[in-house]
Amino acid sequence: MLASIPAICLGACLGALARWQLGLWLNASGPIAGTFLPWGTLAANLIGGYLVGVCVAVFQALPQLDPTWRLLLVTGFLGALTTFSSFSAEVVNMLMQQRYALALGTAALHLFGSLLLTIVGMQSAKWALPVLLSRTA
């Protein structure tokens with residue numbers, strides 16, 4: 037239990053910093069700033085979806101891993117990286133501006149994109165793990 041709290045805190049700190057940087061880079065002042073979609077939020081959610089898939093597959097394949105790693109990576113880092121509240125606020129803002137098609141498209145892109153990338157992440161790890169583990173054996 038004692039190791040759990042620092043693991044979650046460290047992961048959350050790093051995830052929040054990564055989320056903030058994606059927002060700076062892709063939303064307000066980044067290379068695609070001013071476009072119709074908040075790309076930083078989408079990137080955070082899609083990257084998080086992929087990485088949680090990788091983590092799920094790795095932790096299933098390697099049950100001997102210390103559970104603290106799951107707390108650090110999934111609960112802490114990915115919990116802070118992915119951002120349902122920002123996504124919700126952005127979609128509601130689109131709705132308030134009567135940009136209904138964009139709001140629906142954005143919501144669908146976040147949801148289905150994240151689900152798809154979670155599956156891709158799980159498959160990536162399932163394909164890569166045997167190769168990686170055979171090299172360490």
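This note's numbering numbers the first residue of the sequence shown as 37 and each following residue consecutively.
All C-beta atoms in this analysis are idealised placements derived from N, C-alpha and C, irrespective of residue type, glycine included.
- In this structure L109 is in contact with C91, their Cβ atoms being roughly 5 Å apart against a cut-off of 8 Å.
- In the three-state reduction of the DSSP assignment, A125 falls in the helix class, which pools H, G and I.
- The C-alpha of V167 lies about 10 Å from the C-alpha of A161.
- For the pair T154 and P74, the Cα-to-Cα distance works out to about 21 Å.
- In this structure, the CA atom of S170 is about 12 Å from the CA atom of W163.
- Contact check for G47 and G112: beta-carbon distance about 2 Å, within the 8 Å limit, so the pair qualifies.
- As the crow flies, the alpha-carbon of A139 is around 6 Å from that of L131.
- Between G157 and A93, the C-beta spacing is below 9 Å.
- Around the Cβ of T77, a 10 Å sphere holds 16 or more other Cβ atoms; the residue is buried.
- Closest in C-alpha terms to F95, from the list R106, G85, Y86 and L87, comes R106.
- The residues L165, in chain order, have a CB closer than 6 Å to that of A97 in the same chain once the five nearest residues on each side in sequence are set aside.
- Contact annotation: T104 and S40 have beta-carbon atoms nearer than 9 Å.
- G51 and L114 have their C-alpha atoms some 6 Å from each other.
- R135 carries a coil assignment under DSSP once its states are collapsed to helix, strand and coil.
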